[in-house]
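Trainee:
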Amino acid sequence: VAIGLASALSYLHHECEQQVVHRDIKTSNIMLDINFNARLGDFGLARLTEHDKSPVSTLTAGTMGYLAPEYLQYGTATEKTDAFSYGVVILEVACGRRPIDKERDGQKTVNLVDWVWRLHSEGKVLEAVDERLKGEFDAEMMKKLLLVGLICAHPDSNERPSMRRVLQILNNEVEPSPVPKMKPTLSFTCGLSLEDIVSEDEEGDSIVYV
2 VAIGLASALS YLHHECEQQV VHRDIKTSNI MLDINFNARL GDFGLARLTE
52 HDKSPVSTLT AGTMGYLAPE YLQYGTATEK TDAFSYGVVI LEVACGRRPI
102 DKERDGQKTV NLVDWVWRLH SEGKVLEAVD ERLKGEFDAE MMKKLLLVGL
152 ICAHPDSNER PSMRRVLQIL NNEVEPSPVP KMKPTLSFTC GLSLEDIVSE
202 DEEGDSIVYV
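Going by my numbering, the first residue of the sequence shown is number 2, and it counts up by one from there.
In structure tokens:
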């Protein structure tokens, strides 16, 4: 799934005549074929841009939990906002948890990206792996996957790798990008409440329109 989705996004971002920014990358938009190869679907929110032109601001649309902070704030969709969403998807697959989930006691809401960052800063990132795997996984490969998810979900868009580089990392063609020990912090302000900007689709996902 990780390699297939990275390959699809690398093609959309770098190889199409016009760059395609998907804007709504999430697990429910990823389909698997008979050989379990990932296929990216639902291009209803996609935008075309020229490769050498700056993107323009639009209405923010997407699914809460997968949205990059700068996209939620400024409404400018780029290949780096897609990269953030990709990172969230990778963490969701590896951890078996939704982007915005409840603690196991059901009392507290947890942001998946923040949770994995915290475990990484404590030197125990592998504790984020889906418990249902019961430890039956390659620790080195899983750690690489989790760290790719974190660097793609970096709060600073300038620090996120291109999807072409992500694909190279996953295919062991280049060294992984360094991941900070602690989650970097950036400040964004938004004058709207979640109630103002969030509604739910038929799948129960929170859809954001600003």
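The beta-carbon is built from N, C-alpha and C at its ideal position, and this holds for glycine as well.
With DSSP as the reference, identify every bridge partner of Asn112, one or two as the case may be.
Mentor: Paired residues: Ile101.
Trainee: Are the stretch 82 to 94 and the stretch 145 to 159 in contact at 8 Å, needing three or more beta carbon pairs?
Mentor: The stretch 82 to 94 vs the stretch 145 to 159: in contact.
Trainee: Mind the definition here: the stretch 153 to 171 touches the stretch 75 to 82 only if three or more C-beta pairs lie below 8 Å; say whether that holds.
Mentor: Yes, they touch.
Trainee: Please list the terminal residues of the continuous beta strand (DSSP E) segment that includes Arg40.
Mentor: From DSSP, the beta strand (DSSP E) with Arg40 extends over 39 to 41.
Trainee: In angstroms with no decimal places, state the Cα-to-Cα distance between Val114 and Pro100.
Mentor: Spanning the two alpha carbons is a distance of roughly 7 Å.
Trainee: Can you check whether the CB of Glu71 is closer than 9 Å to the CB of Thr77?
Mentor: Closer than 9 Å, so yes.
Trainee: Roughly how many angstroms lie between the CA atoms of Leu33 and Val167, to the nearest whole one?
Mentor: Using only the alpha carbons, I get a separation of about 20 Å.
Trainee: Assign Arg40 to one of two classes, buried (16 or more other C-beta atoms within 10 Å of its C-beta) or exposed (fewer than that).
Mentor: Result: exposed.
Trainee: Gly124: buried (16+ other C-beta within 10 angstroms of its C-beta) or exposed?
Mentor: It is exposed - the Cβ of Gly124 has fewer than 16 other Cβ atoms within 10 Å.
Trainee: In the DSSP assignment, what residue or residues form a beta bridge with Leu33?
Mentor: Leu33 pairs with Ala39.
Trainee: Need the endpoints of the alpha helix (DSSP H) that Met183 sits in, please.
Mentor: From DSSP, Met183 is part of no alpha helix (DSSP H); its letter is neither H nor E.
Trainee: What does the Cβ neighbour count give for Ala3, buried or exposed, with the cut at 16 atoms within 10 Å?
Mentor: It is buried - the Cβ of Ala3 has at least 16 other Cβ atoms within 10 Å.
Trainee: Taking Cβ to Cβ, would you say Leu10 is nearer than 9 Å to Tyr87?
Mentor: Cβ atoms of Leu10 and Tyr87: closer than 9 Å.
Trainee: Identify every run of the alpha helix (DSSP H) within the stretch 117 to 157, keeping only runs that are complete inside it and at least 4 residues long; order them along the chain.
Mentor: Whole alpha helix (DSSP H) segments, 4+ residues: 140 to 153.
Trainee: Under a Cβ-count criterion, where at least 16 other Cβ atoms within 10 Å of its own Cβ denotes burial, should Cys17 be classed as buried or exposed?
Mentor: Flag for Cys17 reads exposed.
Trainee: Assuming Val130 and Ala154 are in contact, meaning their beta carbons sit under 8 Å apart, how far apart are those beta carbons, in whole angstroms?
Mentor: The pair is not a contact, with the Cβ atoms about 17 Å apart (cut-off 8 Å).
Trainee: Give the single residue among Lys135, Leu127, Leu68 whose Cα lies nearest to the Cα of Met142.
Mentor: Comparing Cα positions, the closest option is Leu127.
Trainee: Go ahead and label Ser8 buried or exposed: buried means 16 or more other beta carbons lie within 10 angstroms of its beta carbon, across all protein chains shown.
Mentor: Counting Cβ neighbours within 10 Å, Ser8 comes out buried, since at least 16 surround it.
Trainee: By the three-class DSSP mapping on this structure, what secondary structure does Arg166 have?
Mentor: Arg166 falls in the helix class under three-state DSSP.
Trainee: Taking Cβ to Cβ, would you say Ser163 is nearer than 9 Å to His23?
Mentor: Not in contact: Ser163 and His23 (Cβ atoms no closer than 9 Å).
Trainee: Assign Leu134 to buried or exposed, taking buried as 16 or more other Cβ atoms, counted over all protein chains shown, within 10 Å of its Cβ.
Mentor: Result: exposed.
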